[in-house]
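**Student:** Numbering (our numbering), first residue to last: 3 to 268.
Glycine is no exception: its CB is placed at the ideal position from the N, C-alpha and C atoms.
(1) At the level of alpha carbons, what is the spacing between residue 118 and residue 266?
(2) Does the Cβ of residue 172 have 16 or more other Cβ atoms within 10 Å, making it buried, or fewer, making it exposed?
(3) Tell me, to the nearest whole angstrom, how far the beta carbon of residue 128 is from that of residue 190; I am working on the premise that it is less than 8 Å.
(4) What is the DSSP secondary structure of residue 259, counted as helix, strand or coil?
(5) Could you compute how far the alpha carbon of residue 200 sits from the alpha carbon of residue 222?
(6) Tell me the residue span of the alpha helix (DSSP H) that contains residue 53.
(7) Here's the rule: buried if 16 or more other CB atoms are within 10 angstroms of the residue's CB, otherwise exposed. What is residue 245?
(8) For residue 174, count the other beta carbons within 10 Å of its own beta carbon; 16 or more makes it buried, fewer makes it exposed. Which is it?
(9) I need the boundaries of the alpha helix (DSSP H) containing residue 160, first residue and last residue.
(10) Three-state secondary structure (DSSP) at residue 66?
(11) Count the C-beta pairs between the segment 254-264 and the segment 206-222 that are closer than 8 Å, then say yes if the count reaches three, no if not.
(12) Could you tell me the alpha carbon to alpha carbon distance between residue 84 and residue 196, rounded to whole angstroms?
(13) Applying the 10 Å Cβ sphere with the 16-neighbour rule, what's the burial state of residue 143?
(14) Looking at residue 168: is its Cβ nearer than 8 Å to the Cβ of residue 145?
Rendered as structure tokens:
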């Protein structure tokens, strides 16, 4: 009705706050929030974005409790903040980021290394499994719905579920193909995994663009991959001749989504 009358309704954005250590920290308060450059000494940009989008700031004010800034003098009744030894060990800011630096990073690398080892650096051609195509459609539609409704924290759930489900599929199918020396199964699994990683990268690109663009670079695919209109297309859609197309060589220990050196266990 409003569209027919050419009436543009106001788009109300509620004023929400990120509460540092559950307090409205400011430069003039007892608890002062860290500056951006201070945060980046302890966390990567991707880790912070992944954490902030999962906080649910679109629906409520929420606390930001980076373990790197938890000091003993903050653990007091005066500021209504309490913690325990487990909280000090586990950094909740890294929880969502670990999905990229650990699970997704490992899945992408597995695809490239398998292609280099068994397929001379060329992605095999073939149809995507119906199960994988249906899963992609389901997750993309969920993502679009939550984005439209500004339910950004739910987007992080969709990405998490999608990556973990495909990673589980990859691990199980590759293990089975190796056990039975099944070339057909290995090829199909690789086709499915590369397709899934492409769709995932498009979904994650607004949050962690650097690693996703690195994925496209190693695929030797141009920026057309980020066009949402083609999100369900197979990888060969972006390539003139898949049979001749070679991926970029991925050397050992190259990460698409990296941690800071200080975050690796010694």
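**Tutor:** In short:
(1) Numbered from 1 along the chain shown, position 116 holds the residue referred to as residue 118. Numbered from 1 along the chain shown, position 264 holds the residue referred to as residue 266. Linking residue 118 to residue 266 through their CA atoms gives a straight-line distance of about 27 Å.
(2) Looking up residue 172 in the chain shown gives position 170. Buried is the call here.
(3) Locating residue 128 in the chain shown gives position 126, where the first residue counts as 1. Locating residue 190 in the chain shown gives position 188, where the first residue counts as 1. Right, their Cβ atoms sit about 7 Å apart.
(4) Sequence index remark: in the chain shown, residue 259 carries index 257 (1-based). Coil, per DSSP.
(5) Here residue 200 refers to the residue found at position 198 of the chain shown. Here residue 222 refers to the residue found at position 220 of the chain shown. So the alpha carbons of these two residues sit roughly 13 Å apart.
(6) For the purposes of this step, residue 53 is identified with residue 51 of the chain shown, where counting begins at 1. In the DSSP assignment, residue 53 falls within the unbroken alpha helix (DSSP H) covering 47-56.
(7) Here residue 245 refers to the residue found at position 243 of the chain shown. Its Cβ having fewer than 16 others within 10 Å, residue 245 is exposed.
(8) By 1-based counting over the chain shown, the position of residue 174 is 172. Counting Cβ neighbours within 10 Å, residue 174 comes out exposed, since fewer than 16 surround it.
(9) Here residue 160 refers to the residue found at position 158 when the chain shown is read from its first residue. Going by DSSP, residue 160 is part of the alpha helix (DSSP H) stretching over 154-182.
(10) Walking along the chain shown from the start, residue 66 turns up at place 64. Strand.
(11) Yes, the segment 254-264 touches the segment 206-222.
(12) Locating residue 84 in the chain shown gives position 82, counting from the first residue. Locating residue 196 in the chain shown gives position 194, counting from the first residue. Low per-residue confidence applies at residue 84: pLDDT is 46, beneath 50, and the placement is therefore not dependable enough to give any value.
(13) Residue 143 sits at position 141 when you count from the first residue of the chain shown. With fewer than 16 Cβ atoms within 10 Å of its Cβ, residue 143 is classed as exposed.
(14) For this step, residue 168 is matched to residue 166 along the chain shown. For this step, residue 145 is matched to residue 143 along the chain shown. For residue 168 and residue 145, no; Cβs fall outside 8 Å.
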